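Under the working numbering, the letters of the sequence shown match residues 1 to 112, in that order.
Where a beta carbon is used, it is the ideal one built from N, C-alpha and C, also for glycine.
Small disclaimer: the values here were computed from a predicted structure and weren't measured.
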Amino acid sequence: MSDDIIRISLDTAIEGDRTDWSHLRGLSDADITEAMAGDADTFAIDEVLPSSTSGVRYILFRSKDGSWHWVLKDKDGAQLAVSATPFASKAATARAIDALRSKLLTGDVKAA
Numbered sequence: 001m002s003d004d005i006i007r008i009s010l011d012t013a014i015e016g017d018r019t020d021w022s023h024l025r026g027l028s029d030a031d032i033t034e035a036m037a038g039d040a041d042t043f044a045i046d047e048v049l050p051s052s053t054s055g056v057r058y059i060l061f062r063s064k065d066g067s068w069h070w071v072l073k074d075k076d077g078a079q080l081a082v083s084a085t086p087f088a089s090k091a092a093t094a095r096a097i098d099a100l101r102s103k104l105l106t107g108d109v110k111a112a
């Protein structure tokens, strides 16, 4: 077995976690957007789905753990929604967005 492979089970605590959680919690939306813009794994959903004329954009990105997520932004770049579910692939993320878009067009609005 390779020394480069690390096996961790759910009941094993990660020792020596080097994540700077206070730094991550302190990031603003602008900081995150800037980091995503410089990430080669981040791309506009227009590369996968047709673009809308409203200026609202879904942005797909890959997190450090390798899972895919989406962010919905308005024409000014303000964040409107974020996926709560991680996806295994870029294609799965695009399919989820497509399903969400079709549900938004046909869904009912109910008061809480």
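Straight across, the Cα-Cα distance linking residue 79 with residue 68 is about 17 Å. Assigned with DSSP and collapsed to three states, residue 92 falls in helix.
Scanning 23, 76, 75, 88 for the CA closest to the CA of residue 62 turns up 88. Only residues of its own chain outside the window of five on either side were considered, and among them 58, 80, 81 have a CB closer than 6 Å to the CB of residue 72, listed in chain order.
Under the three-state reduction of DSSP, residue 100 is assigned to helix.
Here residue 35 carries a helix assignment [DSSP, helix/strand/coil].
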